[in-house]
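Visitor: Letter by letter, the sequence shown follows residues 8 to 267 in our numbering.
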Amino acid sequence: MSKKGIALMLLFVFVLSIGLMGCGSSQTAKKEVKMLRVGSDTAFAPFEYQDEKTKEYVGFDMDLIKAIGKQMGYQVKVQGMNFDGLIPALETGAIDAVISAMTITEARAKKVNFSKPYYQSGLAIMVQKDNKTITSFKDLEGKKIAVQIGTTGATEAKKIKNATVREFNNAPEAFMELKAGGVDAVVNDLPVNEFYLAQGGGSKYAKVVGKPLSAEDYGIATAKKNTELAKKIDQALADLKKNGEYEKIYVKWFGKKPAK
Ligand code: ARG
8 MSKKGIALML LFVFVLSIGL MGCGSSQTAK KEVKMLRVGS DTAFAPFEYQ DEKTKEYVGF
68 DMDLIKAIGK QMGYQVKVQG MNFDGLIPAL ETGAIDAVIS AMTITEARAK KVNFSKPYYQ
128 SGLAIMVQKD NKTITSFKDL EGKKIAVQIG TTGATEAKKI KNATVREFNN APEAFMELKA
188 GGVDAVVNDL PVNEFYLAQG GGSKYAKVVG KPLSAEDYGI ATAKKNTELA KKIDQALADL
248 KKNGEYEKIY VKWFGKKPAK
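#1: Just to confirm the assignment, what range does the beta strand (DSSP E) spanning Leu130 have?
#2: Under 6 Å Cβ to Cβ from Trp268, same chain only, skipping five residues before and after it: list those, please.
#3: Is Ala104 closer than 8 Å to Val45 when the C-beta atoms are compared?
#4: Quick one: any contact between the stretch 115-124 and the stretch 167-179, if contact means 3 or more CB pairs under 8 Å?
#5: Whole beta strand (DSSP E) runs in the stretch 52-87 with 3 or more residues, listed along the chain?
#6: Take Gly87 as the anchor and find which of Lys238, Lys117 and Met69 has the nearest alpha-carbon.
#7: Would you mind reading off the limits of the alpha helix (DSSP H) that contains Asp246?
#8: Report the CB separation of Met133 from Lys214 in whole angstroms; it is logged as a contact under 8 Å.
#9: What's the gap between the Cα of Leu204 and the Cα of Tyr56?
#10: Any idea which residues DSSP pairs Tyr225 with across the strands?
#11: Taking the C-alpha atoms as reference points, what is the distance between Asp137 and Ser143?
#12: Rounded to the nearest angstrom, what separates Asn177 and Ile111 at their Cα positions?
#13: Expressed to the nearest angstrom, what Euclidean distance is found between the alpha-carbon atoms of Lys249 and Phe51?
#14: Short check: CB of Ala161 to CB of Glu184, under 8 Å?
#15: Would you grab the beta carbon distance between Val65 and Ile72 for me? Rounded to a whole angstrom, and I think it's under 8 Å.
#16: If you draw a straight line from the C-alpha of Ala116 to the C-alpha of Ala243, how long is it?
#17: Would you kindly check if the distance between the Cβ of Thr229 and the Cβ of Leu97 is under 8 Å?
#18: Flag Gly160 as yes when its Cβ comes closer than 7 Å to any non-hydrogen atom of the ligand ARG, and as no otherwise.
#19: Taking just the CA atoms, how far does Lys186 sit from Ala192?
#20: Identify whether Ala266 lies in helix, strand or coil by the three-state DSSP scheme.
#21: Return the first residue and the last residue of the alpha helix (DSSP H) that Val199 is part of.
#22: Asn200 and Ala131 look like a contact to me (Cβ under 8 Å); what is the Cβ gap, rounded to whole Å?
#23: Going by other Cβ atoms of all chains shown within 10 Å of its Cβ, with 16 needed for buried, is Thr158 buried or exposed?
#24: Per DSSP, what kind of secondary structure is Tyr257 in: helix, strand or coil?
#25: Please list the terminal residues of the continuous alpha helix (DSSP H) segment that includes Ala164.
Okay, structure coming up:
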């Protein structure tokens, strides 16, 4: 065979094998369901918590992220982890997204991408039921306050003059400290405090006082470099808001329609 002949044949084999490789991978890609690994601190009812009977993670965020995954053609796998470990886990690539009642803040937005806001929240004070001295954030000066570590509640509590801030791994631990009388107040997200009072047995000993401190928006976080995923999530969220699915989930957990 001439040199040209050999070269042509090699080229032929090369092109053929590339073609076959292409087939193979596209076939497996079709069969494989794409997986969205989602991190959450699952002790924050009604947004994310474990159902006592089924042991499943349930809540507004859980329903929302499942619906978003479905809309994008992804299967969602939720991994429970401490709140202050969520952004580091995104940064190292251990997870793809975070949904954890996480407030969109400037400081966090330097490290991660946030979706469009999906829930309007705010911080509130919880005290023991018979407390008559604390009725506003001003009254927290010089007091002992329990918060969850790494949260906006912790950041705000630390700004209060002469206050002693005690940080706990999760919100239920902060609530327990209030119950035990170890602190004067808990600063935490209002809807979570309210749910705890109404359904978690908190109303026996605690109450929410004062006006919410700040307006906060929750967002779904993704890694800074994963802009494609961030776009897909925003698109899916917009679709769910349009087709009524978002409203259905909202009504299921909050008993009212979302503010427009
Ligand atoms: N919204 C607050 C924040 O972003 C508290 C969130 C805590 N979330 C949780 N799942 N424990 O800091």
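Note that the Cβ used here is the ideal one computed from N, Cα and C, for glycine as well.
Guide: Reading it off the structure:
#1: Note, Leu130: beta strand (DSSP E), Tyr126 to Gln135.
#2: For residue 268 there is no data in the structure shown, the boundaries of the chain being 8 and 267.
#3: Yes.
#4: Too few Cβ pairs lie closer than 8 Å, so no.
#5: As far as the stretch 52-87 is concerned, its whole beta strand (DSSP E) runs of at least 3 residues are 55-57 and 81-87.
#6: Distances from the alpha-carbon of Gly87 to those of Lys238, Lys117 and Met69 put Met69 closest.
#7: Thr234 to Lys249 is the extent of the alpha helix (DSSP H) around Asp246.
#8: Yes, Met133 and Lys214 are in contact; Cβ-Cβ is about 7 Å, under 8 Å.
#9: So the alpha carbons of these two residues sit roughly 15 Å apart.
#10: The partner list for Tyr225 (beta bridge, DSSP) reads Thr110 and Tyr126.
#11: Their backbone Cα atoms lie some 15 Å apart in a straight line.
#12: Answer to the nearest angstrom: the Cα atoms are 19 Å apart.
#13: Rounded to the nearest angstrom, the two C-alpha atoms are 27 Å apart.
#14: Taking 8 Å as the cut-off, the beta carbon of Ala161 is found no closer than this to the beta carbon of Glu184.
#15: That belief does not hold up - the Cβ atoms of Val65 and Ile72 are roughly 12 Å apart, past 8 Å.
#16: CA-to-CA, the gap between Ala116 and Ala243 works out to about 20 Å.
#17: Contact: yes.
#18: Judged by the Cβ position, Gly160 qualifies as a neighbour of the ligand ARG at the 7 Å threshold, a heavy atom of the ligand being closer than this.
#19: In this structure, the alpha-carbon of Ala192 lies about 10 Å from that of Lys186.
#20: Coil at Ala266, not helix or strand.
#21: Leu197 to Gln206 is the span of the alpha helix (DSSP H), which, as asked, contains Val199.
#22: Between the beta-carbon of Asn200 and that of Ala131 there is about 5 Å, and that keeps the pair under the 8 Å contact cut.
#23: Label assigned to Thr158: buried.
#24: Secondary structure of Tyr257 (DSSP, three-state): helix.
#25: Counting along the chain, the alpha helix (DSSP H) containing Ala164 begins and ends at Thr159 to Ala164.
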